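J.:
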Amino acid sequence: MTAISLRETLDEFASQGKSVDLWLRDDDAIEPTAALEKLVRLTQQYAVPLTLAVIPEYAGERLATYLRDYRHIDVAVHGWSHRNYAAETEKKRELGLHRPKEIVLSELSDGFEKLHDLYSNQFISMLVPPWNRIDDGIVDGLPDIGYQTLSVFGRNKPASLPLLNTHIDLMDWHGTGGGRPHHALFEEIATRLRSEPHGGSITGILTHHLVHDESAWAFLEKLFELTANHPACNWRASRQLMATLSP
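Here the sequence shown stands for residues 308 to 554, where the numbers follow my numbering.
1. Just to confirm before moving on: does the CB-CB distance between P356 and W330 stay below 8 Å?
2. Should D443 go down as buried or exposed, given a rule of 16 or more other Cβ atoms within 10 Å for buried?
3. Between I512, P488, E420, which lies nearest to E364 when the distance is taken from Cα to Cα?
4. Across which residues does DSSP place L331 in a beta bridge pair?
5. Taking C-alpha atoms, which residue in L402, A550, L343, L457 lies nearest to Y377?
6. Less than 8 Å between the CB atoms is what I'm expecting for S553 and P469, so what's the real figure, rounded?
7. Restricting to runs no shorter than 4 residues, where is the alpha helix (DSSP H) found entirely within the stretch 408 to 489?
8. Helix or strand or just coil, what does DSSP make of A310?
9. Determine, using beta carbons only, whether T510 and H474 come nearer to each other than 8 Å.
10. Alpha carbon to alpha carbon, what distance is there between L422 and H405?
11. Within the same chain, show all residues whose beta-carbon is closer than 6 Å to that of N493, passing over the 5 residues directly before and after it, in chain order.
12. Tell me the residue span of the alpha helix (DSSP H) that contains V347.
13. Just to confirm before moving on: does the CB-CB distance between L477 and T514 stay below 8 Å?
14. Any idea what DSSP makes of A544, helix, strand or coil?
15. In angstroms, rounded to a whole number, what distance separates the CA positions of E401 and R487?
16. I need the straight-line Cα distance from R369 to R375, nearest angstrom please.
Given below as structure tokens:
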């Protein structure tokens, strides 16, 4: 059974009185779509808090109105336009130094203010860089424009503000373009939980609702079924976790 490695890991933790914290981040929200509605329903069904990384330039009242009644959803800033400014020979990047730093930070400030106004109580002062890439020179300017937390993908690296990262990506971006094999995902989560101190500290799951295939949706539901009520697993809201991070 594909989920056995994760189930055994969580059962072992439970027998030792240990627990792990998971959180869910979904990127590229712009407007209500059938895929977004499916994600919202699924997370609501299993009482899993959801952080939506919203692209400010294109987001408007339609998305804000749709999300307003869902108290399990937090909204983070996903760059400004999700536009690539890197050269063709470089990895895609919006938040790099390909433009003057002042312009990049001005856009991020505009994005912060726009989403703060649109989402009020659902808004969190978290920046999610498009493609999970941002230059250090931009990071250094984030606290001055209101950002309290940065969220990218992978292990934490030294930064000038707290990091709340994701670690497990459901999608096979460089292969099929669809959801990754379920056994590989469950094993990757279990391996991280076993190898990190205190059960992996905080483990972030990364999704992209707009490109999910049936395999990705099926995995997400299996993951929720296994973890939502397991005594060794706690799904946390990002605002909860942000409050615990060291400055």
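Ideal placement from N, C-alpha and C gives every residue a C-beta, glycine not left out. No experiment lies behind these values; they were computed from the predicted model shown.
T.: Let me lay it out:
1. yes
2. exposed
3. E420
4. I512
5. L343
6. 6 Å
7. 408 to 426, 443 to 446
8. coil
9. yes
10. 25 Å
11. Looking at the sequence itself, residue 493 is Phe, so the reference to Asn does not match. Contacts found: T309, A310, S312, L313.
12. 341 to 352
13. yes
14. coil
15. 26 Å
16. 10 Å
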